[in-house]
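Take the sequence shown: its position 143, counted from the start at 1, is 142 in numbering that gives the first Met the number 0, and no numbers get skipped. Notes follow the structure.
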Amino acid sequence: MKCRHCHETLNLSFIDLGSAPPSNAYLTPEQLHVPEKWFPLRVLVCTNCWLVQTEDFANATELFDENYAYFSSFSQTWLTHAERYVTNAIDRFSLNSESYVVEVAANDGYLLQYFKSRDIPCLGIEPTKSTANAAREKGLEIVEKFFGVQLARELVEQGKQADLMVANNVLAHVPDINVFLSGFAILLKPQGVVTFEFPHLLKLVKENQFDTIYHEHFSYLSLTAVKHIFAANNLSIFDVEEHPTHGGSLRVFAQRSDSGSHSSTNRVSDLLHREIQAGLLSANFYSGFQKRAERVKDDFLAFLLEAKRQKKVVAGYGAAAKGNTLLNYSGIRPDLLSFVVDRNPAKQGKFLPGSRIPIVAEESIKKMRPDYVVVLPWNLKTEIVNQLDYVRAWGGQFVTAVPKLEVTS
Ligand SMILES: [Zn+2]
C-alpha cells in the first residue's frame with residue numbers, strides 16, 4: 000500500500016489488531032442471527048512523511064453504517080471544553096457580529112451553539128443527517144455534505160469566506176487527507192485562522208492507547224507529520240496547544256501559507272523538538288507498540304477470568320468505539336462482561352459489534368449491583384465515576400484497562 004499523503008510505499012508496521020467488525024455497527028436482536036463482516040485492522044507507518052495510517056482493504060465502503068451517529072453533546076466534559084474554546088477564540092481573534100465562523104464536522108451543534116449565543120454568524124458542515132438535524136434544532140444553519148475542495152469552492156461562490164474555521168476530531172477520520180485539507184485554504188479569508196483538534200500520536204504511544212485504533216480512524220497524527228501535510232496543502236501552523244481531551248489531544252492553529260498574519264510561537268518549535276527527542280522520526284518508536292498492546296490485553300483478560308471464577312458480576316460502561324476495539328482484540332464475550340450501559344437511548348436494546356454484549360440503560364447497574372464496572376471510554380473516567388458514585392454503596396469498584404489495568408474502589 001502507498002501512503003495516503005505522499006504515496007511512498009508503506010513497509011513499517013505499527014500494530015496488527017487482527018480483524019474487527021466496524022466499531023459502530025451496533026446489532027439489533029434480529030441481526031444476531033446474521034453473520035457479521037469482519038475487516039482486517041492493521042496500522043502502518045510512512046517512513047517518508049511519518050503519517051501513521053490504517054491499511055486499505057477490499058470493500059472498505061461496506062464499513063460505514065448510516066444508522067449510527069455519535070452525539071457530541073452527550074458528554075459534559077466535551078461541552079465545557081467547547082464553550083471555553085469559543086470564549087478564547089472570540090478574545091484572541093477579535094470576533095464579532097461581522098465575523099463568520101465555519102465548523103467542519105459540526106456534529107449536533109455542541110460548539111457552534113456558543114458562537115450563536117454570542118451573536119457571531121456561523122455555519123456548520125455535517126454530513127450525518129441525525130446529528131445535522133439536532134444542530135438545526137438549536138437554530139444553527141447546517142450544510143449536510145462532506146467537506147473538501149469542491150464544497151469549499153461552492154461556498155466561496157456563494158460569497159462565503161471564513162474568519163475562523165474549526166475542525167475537531169475529524170482530521171483522523173477522513174480517508175483523503177489532501178483533498179480534505181486543501182478545502183480550508185480555499186474557504187479561509189486571507190487573514191483567517193483554522194484550528195484542528197486531534198488525538199496526539201505521542202500520547203497514544205506513551206499511554207498504550209491502542210484501543211483508539213479502529214477502521215473509521217484512518218490517520219494517527221503527530222505535529223511533525225501534520226506540519227508537513229499542512230504545508231503541502233497551503234496551510235501553515237503558527238501555534239499549538241496540548242489538551243487532555245480524548246486521552247491527550249493537540250489543538251493546532253493554522254493560517255493560509257500566503258498569509259503572514261500570525262507569527263509562529265515557541266510552542267510549535269518546542270513540541271516539534273519534543274517529538275524528535277521522543278524518537279518519532281525513527282522506526283524504533285513504532286515497532287515496540289504491538290507488544291505493549293498485547294500486555295494490556297493479557298492483563299485485562301486475566302482480570303476478567305479471575306472475576307468469573309469468583310462469580311463476580313462485571314458490567315461495562317460506555318458503548319463507544321474504543322471499547323469495541325479493546326473487547327474484540329481481547330476476544331471478550333458476554334460470559335466475561337455480561338452487559339454494557341450507555342446513555343444514548345438509540346444504542347440501548349442493541350448489541351456491541353463482534354463481542355455481541357447487550358447494551359442497556361443505566362438502571363441495570365442499580366438492579367444488577369455489579370461488583371466491577373469497567374469504564375471503557377477511559378478518557379471520561381472522572382465524569383463517569385462521579386456519575387456512578389452510588390455503586391460504592393454495595394462495594395462496587397471501577398476498572399480501566401488502558402494504559403494498564405487499574406481497579407479503584
Ligand atoms: Zn507518507
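All C-beta atoms in this analysis are idealised placements derived from N, C-alpha and C, irrespective of residue type, glycine included.
Report the start-end ranges of each alpha helix (DSSP H) in the stretch 206-241 that is 4 residues or longer and not cut off at the edges.
List check, alpha helix (DSSP H) in window: 222-231.
When DSSP labels each residue in this structure, what does Met0 get in the three-state scheme?
Here Met0 carries a coil assignment [DSSP, helix/strand/coil].
Taking only three categories from DSSP, how would you classify Thr27?
Three-state result, Thr27: coil.
With a 10 Å radius around its C-beta and 16 neighbouring C-beta atoms as the bar for buried, classify Ala301 as buried or exposed.
With fewer than 16 other Cβ atoms within 10 Å, it is exposed.
Assign Asn265 to one of two classes, buried (16 or more other C-beta atoms within 10 Å of its C-beta) or exposed (fewer than that).
Classified as exposed, Asn265 has fewer than 16 neighbouring CB atoms from the shown chains inside 10 Å of its CB.
Pick from His80, Asn385, Gly17 and Arg273: whose alpha carbon is nearest that of Lys202?
Ranking the options by Cα distance to Lys202, first place goes to Arg273.
Of the residues Asn47, Pro28, Ser354 and Val193, the one placed nearest Thr223, counting alpha carbons only
Of the candidates Asn47, Pro28, Ser354 and Val193, the residue whose Cα lies closest to the Cα of Thr223 is Asn47.
Could you give the C-beta distance for Val101 and Leu122, rounded to a whole number, given that I count them as a contact under 8 Å?
Right, their Cβ atoms sit about 5 Å apart.
What number of angstroms, rounded off, separates the C-alpha of Met367 from the C-alpha of Val312?
Each residue's Cα considered, the two are about 8 Å apart.
Mind checking Thr127: buried by the 16 CB within 10 Å criterion, or exposed?
Its Cβ being crowded by 16 or more others within 10 Å, Thr127 is buried.
Tell me the residue span of the beta strand (DSSP E) that contains Ser268.
Looking at the DSSP string, Ser268 is not in any beta strand (DSSP E); the run it does join, the alpha helix (DSSP H), is Asn265 to Ala277.
Locate the alpha helix (DSSP H) running through Tyr328, then write down its first and last residues.
Element bounds for Tyr328: Ala320 to Ser329.
Do you know how far the Cα of Val103 is from the Cα of Leu170?
Distance between the alpha carbons of Leu170 and Val103: 10 Å.
What does a CB cutoff of less than 6 Å around His245 pick up in its chain, not counting 5 residues either side in sequence?
These residues qualify, in order along the chain: Pro198 and Asn378.
Buried or exposed (CB count within 10 angstroms, at least 16 for buried), Leu304:
Classification of Leu304: exposed, given that the 10 Å Cβ count is below 16.
Where Asp298 falls: helix, strand or coil (DSSP):
Looking at Asp298 - three-state DSSP - the assignment turns out to be helix.
Can you tell me which of Val359, Ile185, Ser263 and Thr8 puts its alpha carbon nearest to the alpha carbon of Lys346?
It is Val359.
Given Gly158 as reference, the closest of Leu186, Glu241, Thr407 and Ile364 once Cα atoms are compared:
Comparing C-alpha distances from Gly158 to each of Leu186, Glu241, Thr407 and Ile364 shows the shortest one belongs to Leu186.
Measure how close the beta-carbons of Thr330 and Leu375 come, nearest whole angstrom, since I'm counting them as under 8 Å.
A small fix is needed here, since residue 330 is Gly in this sequence, not Thr. About 16 Å separates the two Cβ atoms, so there is no contact after all.
For ligand 1, I want to know if Glu7 counts as a neighbour, meaning its beta carbon is within less than 7 Å of at least one of the ligand's heavy atoms.
Residue side-chain check: Glu7 places its Cβ nearer than 7 Å to a non-hydrogen atom of ligand 1.
Nearest-angstrom Cα separation, counted from Gly348 out to Asn10
Looking at the backbone, the Cα of Asn10 and that of Gly348 are separated by about 42 Å.
Any heavy atom of ligand 1 closer than 7 Å to the Cβ of Asn47?
Yes, ligand 1 has a heavy atom inside 7 Å of this Cβ.
Which whole-angstrom value describes the C-beta separation of Asp210 and Lys321, a residue pair presumed to lie in contact below a C-beta threshold of 8 Å?
That pair is a contact at about 4 Å.
From which residue to which residue does the beta strand (DSSP E) around Thr86 run?
Following the DSSP letters along the chain, one finds Thr86 in no beta strand (DSSP E) but inside the alpha helix (DSSP H) bounded by residues Gln75 to Arg91.
Using CA coordinates, which residue listed in Leu50, Leu110 and Leu325 is at the minimum distance from Ser281?
Relative to Ser281, the option among Leu50, Leu110 and Leu325 whose CA is nearest is Leu50.
At which residues does the alpha helix (DSSP H) containing Thr407 begin and terminate?
Going by DSSP, Thr407 is part of no alpha helix (DSSP H) but of the beta strand (DSSP E) stretching over Glu405 to Thr407.
What do you reckon, are the CB atoms on Gln396 and Asp370 nearer than 8 Å?
Cβ atoms of Gln396 and Asp370: closer than 8 Å.
Would you say the beta carbon of Leu11 comes nearer than 7 Å to a heavy atom of ligand 1?
Taking 7 Å as the cut-off, the C-beta of Leu11 does not count as close to any heavy atom of ligand 1.
Going by the DSSP bridge assignment, what does Ala161 pair with across the sheet?
According to DSSP, Ala161 bridges with Leu187.
Is Leu220 near ligand 1, in the sense that its beta carbon is under 7 Å from a heavy atom of that ligand?
Flag unset: Cβ of Leu220 not near ligand 1.
Just to confirm, does Leu200 get its C-beta within under 7 Å of one of the non-hydrogen atoms of ligand 1?
No.
How many Å lie between Leu220 and Arg41 at the Cα?
Looking at the two C-alpha atoms, the distance is approximately 16 Å.
By alpha-carbon positions, which one of Tyr109, Ala161, Leu200 and Glu125 ends up nearest to Gly191?
Relative to Gly191, the option among Tyr109, Ala161, Leu200 and Glu125 whose CA is nearest is Ala161.
What separation, rounded to the nearest whole angstrom, lies between the Cα atoms of Leu163 and Ser258?
Approximately 14 Å between the Cα atoms of the pair.
What do you reckon, are the CB atoms on Glu125 and Glu143 nearer than 8 Å?
With a cutoff of 8 Å on beta-carbon distance, Glu125 and Glu143 are scored as near each other.
Could you pull out every residue in the same chain whose Cβ sits closer than 6 Å to the Cβ of Pro189, ignoring the five residues on either side in sequence?
The answer, listed in chain order, is Ser258.
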